[in-house]
Amino acid sequence: MNRSPYITDAPTVSTIMFKVLLALVPGIIAYVWVYGGGILVSLTLATLTALTAEAILLKIRQRPVTPYLMDMSAVVTAWLLALALPPLAPWWLVIVGTFFAIVIAKQLYGGLGYNPFNPAMVGYAVLLISFPLIMTKWPAPLLLAEHPLGFMDQLHFIFSNVLPADIKVDAITSATPLDYLKTQLMLKHEVASITQAPIFGTFGAKGGEIVTGAYLLGGLYLLQQRIISWHLPTAFLAALATISLAFYAIHPAHFANPLFHLMSGASMLCAFFIITDPVSGPTTPKGKLYFAAGVGVLTYLIRVYGGYPDGVAFAVLLMNMCVPLIDALTQPRVFGHEN
Amino acid sequence: MSEIINFASNLIRSALPNNGLKDIFRFNGGVHPPEHKSESTTHPITKLAIPEKLILPLRQHVGHIPKIKVQVGDYVLKGQMLAEPEGSVSAAIHAPTSGVVSAISEAVIPHPSGLPDMCITLTPDGKDSWAELQPVDWRHTDKKSLVERLRSSGIVGLGGATFPTHIKLRTNGKSNVHTLVINAAECEPYITCDDMLMRERADEIIKGIEIVQYLLGAEKCIVGIEDNKPVAASVMTKACMASPAITVKIVPTLYPSGDARRLIHLLLGIEIPNDKRSTDVGIQVFNVATVLAIYRYFEFGEPSISRIVTMTGNVTVPQNFEVLFGTPLKALVAAVGGVKPNTTHFIMGGPMMGFDLPNDLVPITKAANCIIAAAPNLFAPPPPAMPCIRCARCADACPVNLQPQELYWFSKSDNFEKARDYNLFDCIECGCCTYVCPSDIPLVQYYRYAKSEIIALDKAKEAADLARERNDFRLARIEREKFERAQKHAERAQAAKSEIKVAEVNVTEVKDEAIKPEDAAVSKLIENVPASTDKQAAIAAAVARAKAQKLAATANTTEMPAEKTATVLPITTESKTTEAETAALKDSELRAKQDKQALIAAAIERAKAQKLAAAQAGIAPKNIENVSATVQAEINETDAIREKAKQAVDTKVLESKASD
Numbered sequence: 001m002n003r004s005p006y007i008t009d010a011p012t013v014s015t016i017m018f019k020v021l022l023a024l025v026p027g028i029i030a031y032v033w034v035y036g037g038g039i040l041v042s043l044t045l046a047t048l049t050a051l052t053a054e055a056i057l058l059k060i061r062q063r064p065v066t067p068y069l070m071d072m073s074a075v076v077t078a079w080l081l082a083l084a085l086p087p088l089a090p091w092w093l094v095i096v097g098t099f100f101a102i103v104i105a106k107q108l109y110g111g112l113g114y115n116p117f118n119p120a121m122v123g124y125a126v127l128l129i130s131f132p133l134i135m136t137k138w139p140a141p142l143l144l145a146e147h148p149l150g151f152m153d154q155l156h157f158i159f160s161n162v163l164p165a166d167i168k169v170d171a172i173t174s175a176t177p178l179d180y181l182k183t184q185l186m187l188k189h190e191v192a193s194i195t196q197a198p199i200f201g202t203f204g205a206k207g208g209e210i211v212t213g214a215y216l217l218g219g220l221y222l223l224q225q226r227i228i229s230w231h232l233p234t235a236f237l238a239a240l241a242t243i244s245l246a247f248y249a250i251h252p253a254h255f256a257n258p259l260f261h262l263m264s265g266a267s268m269l270c271a272f273f274i275i276t277d278p279v280s281g282p283t284t285p286k287g288k289l290y291f292a293a294g295v296g297v298l299t300y301l302i303r304v305y306g307g308y309p310d311g312v313a314f315a316v317l318l319m320n321m322c323v324p325l326i327d328a329l330t331q332p333r334v335f336g337h338e339n
Numbered sequence: 340m341s342e343i344i345n346f347a348s349n350l351i352r353s354a355l356p357n358n359g360l361k362d363i364f365r366f367n368g369g370v371h372p373p374e375h376k377s378e379s380t381t382h383p384i385t386k387l388a389i390p391e392k393l394i395l396p397l398r399q400h401v402g403h404i405p406k407i408k409v410q411v412g413d414y415v416l417k418g419q420m421l422a423e424p425e426g427s428v429s430a431a432i433h434a435p436t437s438g439v440v441s442a443i444s445e446a447v448i449p450h451p452s453g454l455p456d457m458c459i460t461l462t463p464d465g466k467d468s469w470a471e472l473q474p475v476d477w478r479h480t481d482k483k484s485l486v487e488r489l490r491s492s493g494i495v496g497l498g499g500a501t502f503p504t505h506i507k508l509r510t511n512g513k514s515n516v517h518t519l520v521i522n523a524a525e526c527e528p529y530i531t532c533d534d535m536l537m538r539e540r541a542d543e544i545i546k547g548i549e550i551v552q553y554l555l556g557a558e559k560c561i562v563g564i565e566d567n568k569p570v571a572a573s574v575m576t577k578a579c580m581a582s583p584a585i586t587v588k589i590v591p592t593l594y595p596s597g598d599a600r601r602l603i604h605l606l607l608g609i610e611i612p613n614d615k616r617s618t619d620v621g622i623q624v625f626n627v628a629t630v631l632a633i634y635r636y637f638e639f640g641e642p643s644i645s646r647i648v649t650m651t652g653n654v655t656v657p658q659n660f661e662v663l664f665g666t667p668l669k670a671l672v673a674a675v676g677g678v679k680p681n682t683t684h685f686i687m688g689g690p691m692m693g694f695d696l697p698n699d700l701v702p703i704t705k706a707a708n709c710i711i712a713a714a715p716n717l718f719a720p721p722p723p724a725m726p727c728i729r730c731a732r733c734a735d736a737c738p739v740n741l742q743p744q745e746l747y748w749f750s751k752s753d754n755f756e757k758a759r760d761y762n763l764f765d766c767i768e769c770g771c772c773t774y775v776c777p778s779d780i781p782l783v784q785y786y787r788y789a790k791s792e793i794i795a796l797d798k799a800k801e802a803a804d805l806a807r808e809r810n811d812f813r814l815a816r817i818e819r820e821k822f823e824r825a826q827k828h829a830e831r832a833q834a835a836k837s838e839i840k841v842a843e844v845n846v847t848e849v850k851d852e853a854i855k856p857e858d859a860a861v862s863k864l865i866e867n868v869p870a871s872t873d874k875q876a877a878i879a880a881a882v883a884r885a886k887a888q889k890l891a892a893t894a895n896t897t898e899m900p901a902e903k904t905a906t907v908l909p910i911t912t913e914s915k916t917t918e919a920e921t922a923a924l925k926d927s928e929l930r931a932k933q934d935k936q937a938l939i940a941a942a943i944e945r946a947k948a949q950k951l952a953a954a955q956a957g958i959a960p961k962n963i964e965n966v967s968a969t970v971q972a973e974i975n976e977t978d979a980i981r982e983k984a985k986q987a988v989d990t991k992v993l994e995s996k997a998s999d
């Protein structure tokens, strides 16, 4: 029997997923430093929910549980969702989002490899639409908070929604720069004056830009490890930069500069961790460029003209819909064939 | 830190188009499996002793199996032809040593199927005495007779393709080949037979190249060697110093650079169109060992009786041997001092494209470039396949620039048409996709499956088309026969009519109109109608006459029994009736026509019912069965022509394969 090749080049699905998780660690460390240890609770909750939901669904679908759980893909989904949620999101929000991502967006479509939409982004979008108030209420970075919460306080808040007696909810939350910019622009303020507010940092959000920078670091690691191809982050960041530069060049008083857009919100997380989900993304090199550029443009348009503070989730989901078409239209020329 | 520097230098190097090598045109993809080549290059090539028995499979090459020329018990000399090529794409088999033909029977051969096939078994007498050899002064012999001689050399492509060499040199005096490419890339891991051959016999290789260049009329020759064989490359470069037409070009080590189309691209930057052969653009490719065999055949008259085989893998001292064809594998294994205890089986070829051998009794054949003793520590059994995550690593690795993940999807779901649309048949089964798949999906297996299914479907479709065509042909034939018969009847009837000059019996007309229906029942109905002989015609004419007289007598009565009039069809020009009679006749004619139509309709109905009944009973329509001898003969004839055409196409396919 001909069963060659007999040798393989090792990185398995679990190795790939593990490296993705590893690449998220710098971002998580920065996150903890900026927003406190509460995110660790969210990550744990999301991980446990994802693994449990995945195991139950695999059992119901009569698939081998251990090998599929070991592929770590559910954990990646859980972490990405947890990192996208507000840091002090209540426990049930994390569970509901993760459950939806794993059960509906992933397993009910056939599990790993079959989901047409990015599960983490489906979970995020469902939460954003269902619980817009909680989803847009971000705690202020610890360095800006009047009363920075300790880890135990954060834990207490996540599970019981109760703050220490002397602190009010408004005292620990603040608008995100993207949100603040949008509302201030509606009040006819100019970008230059808006960005003087204390929540703005050098490039993006004060504190938040550190997390974003850490994501970038992790992303470079993934590139170096050849876990992700350069096409996706490059095209996404280039598209986002180009469109924001175009708007900024036309009307700098009304539109933020490209660097702000690159370093704000979920830009870096999206560039290196979200659109790089291979299952729901295109496979051809050209297709990857179009897909990522599409996400970049849509992200910008939703940020600037849409009703939500950040546009990543919807941009990704919209582009996920286009993947079959993109793949079909961007088939590379086969060796020895005419174009 | 070193990691970062490495990364940066890799980045820069991958950004450079040629990986630092000059004039190299890289192809997409390819992989870098661990080479494992150095293990088997520590010892020079050793001649393996003559074994106790040589088993020579007839099927050692691509094409028709050769015709056996010896009988059991015959004494044969070394180099004597045992089987001669049959048809154009075929190769001879020669006795690798002198001895007695001890058996001509089926034996297990090294083939992926693992099935036994016809073999000639030779028991050597140990004398190793040569038959009379006939060297040729190739420089002073015309090309055509050289190629004709090569046909009985038994030489086939020794790179593993085993296509009869003379076909690739058969230029019929009008060769447009300008460049000869010598494939010395040897890109598969473990294999070092070409490497060692170049190190040790470079001069003979160069002489072989000169012969092939002469035969093809190729002005220049490029020898492509991967940069992991620096010794061989420098020896070859030195050897071809005196021949300005031959250049050695180093290509980067990247599997599968040894694939002919990939190598041509690397060396010349030419992409052979998928539907063309390399010779269409003036390039012919030969393996380095093949040209050496050609040299030895012309220079010394030695036919193809041995080859260099790398014996490696789970053995203590891997080494290259010159092995007589037919040598059982176990003799080769014994020569390297046996295998290590955990050896599970043997692989023929490299780890990327090789296949499992059924046991160690199989003989070494012309295709056997490498034998690898396999063990779990060398080739771990693949873990269970996970779902495809569409990571497209396979697409990045595919040297043909296919989309393996799509092909996998289509093959798995038996969506063969789609698989074909996505150029499944351009897949060279190099295994790069499987090699890089993080889900450990045996992708190549899926493609092999899909290809074989598509080929089977195509064959079935062709057979169905053929059957339908034959059936259509039979039906047409039968119809024509019917028509001819009817015409004959008509002629005879005409003759009878001119004799007696009376109204013709209407059955002829009924028959004429009824010729159209295809069904058997109708034809039967027509055949049952009498008036085929002159006598019958005369009787019918008489009856008609009587009826016409009766008609004339009752001309005044307008009411006529329909059945009576229906049987009469007066020919107006010849009837001598009155005007009243004519009017009556016209009326009756109309009625007759209507009745006739009813009759035909009824006949058709009946035929249809019969056909339906036949179909329900599962019987083929009658008209397919009872065909006349002439029709059958014609069908046989067309079948024969078709068969011949098919064979011609098969041969063409083989030839086109060989040019790769």
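Protein chains in written order, with the numbering used here: chain Y, 1 to 339; chain C, 340 to 999.
In this text, a Cβ means the ideal position worked out from N, Cα and C, and glycines have one as well.
Bear in mind that the values here come from a model prediction, so they are computed numbers and not experimental data.
In the structure shown, Ser645(C) falls within a strand segment according to DSSP collapsed to helix, strand and coil. Taking a Cβ-Cβ threshold of 9 Å, the residues of chain Y close to Val775(C) are Thr8, Asp9 and Pro11, in chain order. Under DSSP, the beta-bridge partners assigned to Gly438(C) are Val415(C) and Pro463(C). Residue contact check for Ser377(C) against chain Y: no CB pair falls below 9 Å. Taking CB atoms only, Arg61(Y) has no neighbour in chain C less than 9 Å away. Distance from the CA atom of Pro258(Y) to the CA atom of Leu289(Y), rounded to whole angstroms, is 19 Å. Excluding its 5 nearest sequence neighbours in each direction, Leu40(Y) has C-beta neighbours in its own chain below 7 Å: Val32, listed in chain order. Contact between the region 443-450 of chain C and the region 693-704 of chain C is established, with three or more Cβ pairs separated by less than 8 Å.
The beta carbons of Phe660(C) and Lys386(C) sit closer together than 9 Å.
With a threshold of 9 Å between beta carbons, Ala734(C) makes contact with chain Y. Below the 8 Å Cβ cutoff, chain Y contributes Phe335 and Gly336 as neighbours of Arg600(C), in chain order. Sorting Gln936(C), Tyr785(C), Arg807(C) and Arg981(C) by C-alpha distance to the C-alpha of Pro5(Y) places Tyr785(C) at the top. Put simply, the CB of Tyr68(Y) is near chain C, with a gap under 9 Å to one of its CB atoms. Shown here, Ser429(C) sits in a strand according to DSSP, grouped into three states. Listed by position along chain Y, the residues whose Cβ is nearer than 7 Å to that of Cys458(C) form an empty set, because the closest Cβ is around 21 Å away. In this structure, Val551(C) lies away from Cys579(C), with their beta-carbon atoms at least 9 Å apart. Only residues of its own chain outside the window of five on either side were considered, and among them Pro164 have a CB closer than 6 Å to the CB of Asp153(Y), listed in chain order. Think of a sphere of 8 Å around the beta carbon of Phe718(C): the chain Y residues whose beta carbon falls inside it are Tyr6 and Ile7, in chain order.
Not flagged as an interface residue toward chain Y: Ser645(C), since no C-beta distance is shorter than 9 Å. Those residues of the region 482-500 of chain C placed with their C-beta closer than 8 Å to a C-beta in chain Y do not exist.
The C-beta of Thr44(Y) has fewer than 16 other C-beta atoms within 10 Å across all chains shown, which makes the residue exposed.
Asp614(C) belongs to the set of residues whose beta carbon lies under 9 Å from a beta carbon in chain Y. Between the region 111-125 of chain Y and the region 71-81 of chain Y there are three or more C-beta pairs closer than 8 Å, enough to call the two in contact. Comparing alpha carbon positions, the residue from Ala241(Y), Arg333(Y), Ala246(Y) and Val312(Y) closest to Leu81(Y) is Val312(Y). Residue contact check for Asp179(Y) against chain C: no CB pair falls below 9 Å.
A residue is called buried once 16 or more other Cβ atoms fall within 10 Å of its Cβ, and Ile60(Y), having fewer, is exposed. Look at the region 476-535 of chain C and you find these whole runs of beta strand (DSSP E), each 3 residues long or longer: 518-523.
Glu768(C) sits in coil when the DSSP states are folded into three classes, being neither helix nor strand. For a Cβ distance threshold of 8 Å, residue set Phe694, Asp695, Pro781 and Gln784 of chain C lies close to Arg3(Y), ordered along the chain. Looking at Asp170(Y), Ala328(Y), Gly150(Y) and Pro86(Y), the one whose alpha-carbon comes closest to that of Gly208(Y) is Pro86(Y). From the beta-carbon of Val279(Y), the residues of chain C found nearer than 7 Å are Ile728 and Arg729.
At a cut-off of 9 Å between beta-carbon atoms, Asp327(Y) makes contact with chain C. Asp695(C): member of the beta strand (DSSP E) spanning Phe694 to Leu696, first to last residue.
Ranking Arg488(C), Glu801(C), Ala758(C) and Cys727(C) by CA distance to the CA of Asp779(C) puts Cys727(C) first. Put simply, the CB of Ser429(C) is far from chain Y, with every gap to its CB atoms at 9 Å or more. By the Cβ-count criterion, Leu269(Y) is buried, with 16 or more other Cβ atoms from all chains shown falling within 10 Å of its own Cβ.
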